[in-house]
Each structure stands twice: as structure tokens, then as C-alpha cells.
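*Asks:* My questions will all concern the structure given below.
Numbering (my numbering), first residue to last: 277 to 470.
Structure follows, in C-alpha cells:
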């Protein structure tokens with residue numbers, strides 16, 4: 277399931293609409309019908325300000341509440357189709373390197389290098405960072421977590437703690453804009469583990 281985009285979103289037919297198309301129609305699922313300019317007679321209006329169902333800017337407070345409620349309903353669908361973290365290495369290892377985003381391959385290679393040196397570690401890579409769901413924490417709660425992130429404050433580790441109750445024992449953070457190297461991660465993990 278890792279990295280899978282739901283096919284009903286990817287391959288859905290682009291509906292053809294006429295006059296009366298409502299890009300931001302309030303629906304039970306929170307997902308509104310979507311077409312693209314030029315594919316039909318529908319006039320496609322989009323806006324980043326609060327808007328009516330047909331895309332016109334509004335300051336109607338009641339409609340604002342309904343639009344926010346519609347957006348929140350999208351989270352229900354996302355939670356049902358949440359992408360579980362991908363695990364690398366020996367799941368029995370007491371230490372798990374936790375990463376997300378572009379660190380996936382580097383962390384995977386670091387796990388392989390550490391294991392080749394006799395260091396027992398595994399990794400969990402999150403390709404979906406929100407919403408986080410309880411099944412994502414399976415197998416991580418009793419582990420020594422080391423969060424590896426390309427930012428200065430450990431943003432994802434804080435999100436894991438807030439949403440799933442997972443607290444990292446250590447963080448490896450880098451905010452220079454450069455990618456980690458395998459050698460750098462191996463050295464930092466070995467230093468942490470003593």
C-alpha cells in the first residue's frame with residue numbers, strides 16, 4: 277500500500293458540466309466535483325478566499341461554517357485510506373530510525389550499513405504525514421525512536437508525539453538544505469547508541 281494513490285482519484289473520469297457547475301459543492305464526503313477549464317461548457321472559477329459553491333468570493337458567515345465543515349469531512353476519507361509507514365530492517369530491533377519524505381532511501385541504506393556493522397536497527401518511513409492514524413503507530417510504541425528530519429525543530433517528531441503519543445528518544449536534525457549522507461547517518465546513530 278506504500279506510496280499508492282487511490283485509483284478512484286487518479287483514474288476518475290473528468291465530469292463534463294454545463295451552466296450551474298459548482299466547483300466547491302458541499303458534499304457528504306467533503307470532496308467536490310472537479311473539472312478543468314476547456315473540457316466543457318462549465319465556467320470554472322477557483323479562489324483561495326472563502327467562496328460560494330460556484331467559486332465566487334463570499335463573506336457569508338453561515339456558508340463559511342458549512343465550507344469548513346465540508347473540508348473537515350475530507351479528513352474522514354483520508355483516515356480510512358491512510359498509508360502505513362514502510363518498515364526496513366529487522367522489526368525485532370529495539371531501535372527504529374523514523375523518517376519521512378526524501379530521506380527514505382538514505383535511511384534505508386544507513387540501516388543496511390549499520391546492520392552490516394552488527395548494529396541492530398530498523399526504520400519506519402512515513403510517506404503520509406497527515407492525518408496520522410493509530411495503526412501507523414503499530415510496532416513503534418515500545419521502541420527506541422530516533423527521528424531523522426531535514427529541519428531545525430523536529431516538526432514531524434512533534435506531530436508524532438501529539439497525534440500518536442510516540443516520543444523519540446533522540447532526533448537527528450539538519451537544516452542546511454543539504455541531504456544526509458549514509459556515512460553521516462551511520463556515524464550519528466552510532467554516537468547516539470554509544
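The C-beta atom is built at its ideal place from N, Cα and C for all residues, glycine as well. Values in this document were obtained by computation on a predicted structure and should not be read as measured data.
#1: Assuming residue 387 is part of the alpha helix (DSSP H), what are its boundary residues?
#2: Can you tell me whether residue 459 is helix, strand or coil according to DSSP?
#3: Are at least three pairs of beta-carbons, each pair with one atom in the segment 320-331 and one in the segment 294-305, less than 8 Å apart?
#4: What whole-angstrom Cβ distance do residue 360 and residue 411 have, given they're in contact under 8 Å?
#5: Identify the continuous alpha helix (DSSP H) that holds residue 341 and give its terminal residues.
#6: For residue 397 versus residue 458, is the C-beta distance shorter than 8 Å?
#7: In chain order, what residues of the same chain have a beta carbon less than 7 Å from the beta carbon of residue 365, not counting five sequence neighbours either side?
#8: Ignore the nearest five residues each way along the sequence and tell me which others in residue 428's own chain have a CB closer than 8 Å to its CB.
#9: Starting from residue 364, follow the beta strand (DSSP E) in both directions and report where the run begins and ends.
#10: Note down, in chain order, each residue of its chain lying with its Cβ closer than 6 Å to the Cβ of residue 346, except the 5 sequence neighbours on either side.
#11: With 16 other CB atoms within 10 Å as the buried threshold, where does residue 371 fall?
*Replies:* This is what the structure holds:
#1: Within the chain shown, the letter at position 111 stands for residue 387. 380-392 is the extent of the alpha helix (DSSP H) around residue 387.
#2: As a first step, residue 459 must be located in the chain shown, where it is residue number 183. In the three-state reduction of the DSSP assignment, residue 459 falls in the helix class.
#3: Counting Cβ pairs under 8 Å, three or more are found: they touch.
#4: By 1-based counting over the chain shown, the position of residue 360 is 84. By 1-based counting over the chain shown, the position of residue 411 is 135. Between the beta-carbon of residue 360 and that of residue 411 there is about 6 Å, and that keeps the pair under the 8 Å contact cut.
#5: Taking the first residue of the chain shown as position 1, residue 341 is located at position 65. Secondary structure note for residue 341: its alpha helix (DSSP H) is the uninterrupted segment 337-356.
#6: One-based indexing of the chain shown puts residue 397 at position 121. One-based indexing of the chain shown puts residue 458 at position 182. Not a contact, by the Cβ cut-off of 8 Å.
#7: Position 89 of the chain shown, counted from the start, is the residue given in the question as residue 365. Result list for residue 365: 387, 391, 397, 398, 399, in chain order.
#8: Here residue 428 refers to the residue found at position 152 when the chain shown is read from its first residue. Correct list, in chain order: 449, 451.
#9: Counted from its first residue, the chain shown places residue 364 at position 88. It spans 362-365 - the beta strand (DSSP E) in which residue 364 sits, taken as one unbroken run.
#10: Residue 346 sits at position 70 when you count from the first residue of the chain shown. Cβ within range, chain order: 302, 306.
#11: Taking the chain shown and counting its residues from 1, the one referred to as residue 371 is at position 95. Under this definition residue 371 is a buried residue.
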